[in-house]
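Numbering (the numbering used here), first residue to last: 62 to 386. Yeah, the Cβ is synthetic: ideal placement off N, Cα and C, and Gly gets one too.
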Amino acid sequence: MNLDIPKVELHVHLDGSVRIKTIAELASISEEEAQIRSVASYDCCDLTEYLTYFDLPCAIMQTKENLERIAKELGEDLVQDSVIYAEVRFFPFAHTKNGLSPKEVIEAVLKGFGQVDIPIKLILCMMRHESLETNTKIIRLAKEFLNHGVVAIDLAGDESKYETASFLPLFELAKDLKVPFTVHAGESASYESIKSAVEMGATRIGHGVRALESKEVMALLKEKNILLEMCPTSNIQTKVIQNIKDYPLWNFYQLGIPVSINTDNRTVSFTNLKKEYALLTQEAPITLKDFCEMNKMAIRKSFLSEEEKKLLIYKVNSYLKQFSR
62 MNLDIPKVEL HVHLDGSVRI KTIAELASIS EEEAQIRSVA SYDCCDLTEY LTYFDLPCAI
122 MQTKENLERI AKELGEDLVQ DSVIYAEVRF FPFAHTKNGL SPKEVIEAVL KGFGQVDIPI
182 KLILCMMRHE SLETNTKIIR LAKEFLNHGV VAIDLAGDES KYETASFLPL FELAKDLKVP
242 FTVHAGESAS YESIKSAVEM GATRIGHGVR ALESKEVMAL LKEKNILLEM CPTSNIQTKV
302 IQNIKDYPLW NFYQLGIPVS INTDNRTVSF TNLKKEYALL TQEAPITLKD FCEMNKMAIR
362 KSFLSEEEKK LLIYKVNSYL KQFSR
């Protein structure tokens, strides 16, 4: 199967997707050391260990120049992967250690994306371990940049240590300010985390693999048409799923639950979308038409305007028509 399908990526972290060569150059270390410190192995104990591989990339992402370069390079990598639209997420406050303001951080990243020939939007992450004050600032920053490069907020971090339901006041504020949101849920915590996120108003769920543990939650996802942003390699590395044959994407898709395929972290998981698509075809009878339909699901549940969605769907349909002759 030709995997140069027009792809949409809705769940990719900027700081988890920095080129190894760039990390080595900016950190003044060898590429070998950069790889050891920035690429997680399949022997990770859990999500907590997986998250430690972000430390080095974050350390070099503290200047406007570096942020702009890294964003531009990620954009180039997305184009190389046949991506026609992406929503990239990150936590701006992680990049303020050398004096940049969160606003300057966001502007530098958007400047980098602006040098690439595909539309790339930003999702600003709130972090589970951060204070209410900091996460509130993320929502207000998203509101300030809404329709100017930022399209939504997210809640990320170690889900096993911080219950999703406890963040209700933040999502109430987001709704009051009309800031769309997605939530990491059902990754290292149970299906209850997914249920809480949906009840709070999330229209998309990051990962969501553990929905499979509850018929009630599966029914809820289908009824409310909630899209799961699925990341196969990452979920195997963090031991959420033991191996690809147990990966539930095909189960969800057959049941009519919207799904999208994502890398999560292109460097930390040493992957790209072509690899993820190839991995999924090992254990499920996914066809070209199925992959195109999943991308159209992603487009429909993206945080774009209806006109922008129509244009992207047209591109996917044109590709499918070309290969169906």
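Scanning the segment 125-188 from its first residue to its last, the whole beta strand (DSSP E) runs of 3-plus residues come out as 144-151 and 181-188. In this structure, the straight-line span from the alpha carbon of Arg327 to that of Glu220 is close to 21 Å.
Classified as exposed, Asp307 has fewer than 16 neighbouring CB atoms from the shown chains inside 10 Å of its CB.
In the structure shown, the three-state DSSP call for Val211 is strand. If you keep only unbroken beta strand (DSSP E) runs of at least 3 residues inside the segment 227-274, you get 243-246 and 265-268. Cβ neighbours of Gly173 within its own chain (closer than 6 Å, five residues either side excluded): Glu129, Ala132 and Lys133. Of the candidates Val166, Thr157 and Ile145, Ile145 places its Cα closest to the Cα of Ile179. Within the same chain, and ignoring the five residues on either side of Glu248 in sequence, the residues whose Cβ sits closer than 6 Å to its Cβ are Glu220, His268 and Val301. Inter-segment contact for the segment 351-366 and the segment 312-319 is present: three or more beta-carbon pairs are separated by less than 8 Å. For Ala217, the pairing in a beta bridge is given by DSSP as Met188. The C-beta separation of Ala101 from Gln298 comes to about 5 Å, placing the pair in contact by the 8 Å criterion. Around the Cβ of Gly160, a 10 Å sphere holds fewer than 16 other Cβ atoms; the residue is exposed. Using a C-beta cut-off of 8 Å, the segment 101-113 makes no contact with the segment 80-90, since fewer than three inter-stretch Cβ pairs fall below that distance.
In this structure, the alpha-carbon of Glu165 lies about 42 Å from that of Glu274. In chain order, Pro163 and Thr195 place their CB closer than 7 Å to the CB of Phe154, counting only its own chain and leaving out the 5 sequence neighbours on each side. In the DSSP assignment, Val377 falls within the alpha helix (DSSP H) that extends over Glu367 to Phe384. Ranking Cys353, Met187 and Phe152 by CA distance to the CA of Val170 puts Phe152 first.
Between the alpha carbons of Leu349 and Ser192 lies a distance of about 45 Å. In the three-state reduction of the DSSP assignment, Val100 falls in the coil class, being assigned neither a helical nor a strand state. Rounded to whole angstroms, the gap between the alpha carbons of Glu94 and Val149 is 26 Å. DSSP assignment within the segment 309-369 yields the following whole beta strand (DSSP E) runs of 3 residues or more, N-terminal first: 320-322.
Exclusion of the five residues before and after Lys256 leaves Val278 as the residues of its chain whose Cβ lies within less than 6 Å of its Cβ. Sorting Ile347, Ala339, Ile266 and Gly262 by C-alpha distance to the C-alpha of Tyr314 places Ile347 at the top. A residue is called buried once 16 or more other Cβ atoms fall within 10 Å of its Cβ, and Phe228 is buried on that count.
Distance from Pro293 to Leu341 at the Cβ level is roughly 6 Å; contact confirmed, criterion being Cβ atoms closer than 8 Å.
Of Val329, Ile305 and Val244, the smallest CA-CA separation from Ile287 is found for Val244.
Taking 8 Å as the cut-off, the beta carbon of Ile66 is found no closer than this to the beta carbon of Asn312. By the neighbour-count criterion, in which a residue is buried when 16 or more other Cβ atoms sit within 10 angstroms of its Cβ, Tyr103 is exposed. When the five nearest sequence neighbours on each side are left out, the beta carbons in the same chain lying within less than 7 Å of the beta carbon of Lys285 are those of Val259, in order along the chain.
Judged by DSSP in its simplified three-state form, Leu289 adopts strand. Residue burial is scored here from C-beta neighbours: Asp237 has fewer than 16 other C-beta atoms within 10 angstroms and is therefore classed as exposed. Secondary-structure assignment with DSSP links His74 through a beta bridge to Arg150. Within the same chain, Pro67, Cys353, Asn356 and Lys357 come within 6 Å of Val377 by CB-CB distance, once the 5 residues on both sides are set aside. Between Gly218 and Val177, the C-beta spacing is not below 8 Å. Rounded to the nearest angstrom, the gap between the Cα atoms of Phe331 and Ser254 is 27 Å.
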